[in-house]
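Heads up: the sequence shown runs through residues 488 to 686, numbered per my numbering.
Reading through the structure tokens given below for one structure.
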Amino acid sequence: MMHDQDKRYPPPDYVHPPPSMISGPPPSTTVTLNTDPTPGAHVTEIHLDIGYFKTFPGILKLIQMIFGIICMACSSPARGERGSRHGIGHNHWFLFVVVTCFIITLLWSFFYFLQMRNTIRGNMPFSWLKVELYYTILATILYFIAFIVILAGFGGCAGRSGCDARIAAGAFGIFNTIAYGLGAYILKNDYDATPPELQ
């Protein structure tokens, strides 16, 4: 009769067989798979360009965004004082211009930061410089109208906290109008210096 010690599997003196090639590849196998149908094609990469923000146009974009944040902070909230509808339309227009220009300027900053101007190429009917020039001219005009509107709406009630904040927003709107105007001037000079075939 067998004891419990004899029923163990595998027996203590059993030696495992060496692994065979059938069980799988050795641990040092490297598999390389190329799925590119056109070998040698250009690989699109995005490089970060922090140096752009050390140039005058880059610093100007940062100044425009900082003034935009200050304008948003001073002119918000968009509602009027308790029970008063005085200047609400003026404030809404100003905030619309400031927020829209801030978002588009932020997108242009990312456009330059990610060097997408050099990456996105093709047969487009426009140049990026021309689009940015037209946007900056439009932003200058809109900011000019917006600061006049908000100062006209709240200039007569100076001394109250809600009005004083809106007047400060209008003052920073003047500064941002100057910043966008300077940006448009620089872009116009760059556009004029660009050869006609690249415009």
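Virtual Cβ for every residue (Gly too), placed ideally from N, Cα, C.
In this text the structure is predicted, and so the values were computed from the model without any measurement.
Item, Value
"Nearest to Ile732 by CA position, among Asp677, Ala671, Ala680, Ala655, is which residue?", "In the structure as shown, the chain begins at 488 and stops at 686. Residue 732 is therefore absent and cannot be evaluated."
"Report yes if the CB atom of Ala652 is closer than 8 Å to the CB atom of Cys561, and no otherwise.", "yes"
"In chain order, which continuous runs of the alpha helix (DSSP H) of length 4 or greater are located wholly inside the segment 540–615?", "543–562, 575–600, 603–606"
"Find the nearest neighbour of Ser596 within the set Asp679, Phe662, Lys541, judged by alpha-carbon distance.", "Lys541"
"Do the CB positions of Gly649 and Leu547 come within less than 8 Å of each other?", "no"
"Leaving out five residues on either side along the sequence, give the residues of the same chain with a beta carbon under 7 Å from the beta carbon of Asp536.", "Tyr599, Phe600, Gln602"
"Return the CA-CA distance between Gly576 and Arg608, expressed in angstroms with no decimal places.", "42 Å"
"Are Tyr667 and Lys617 closer than 8 Å when you measure CB to CB?", "no"
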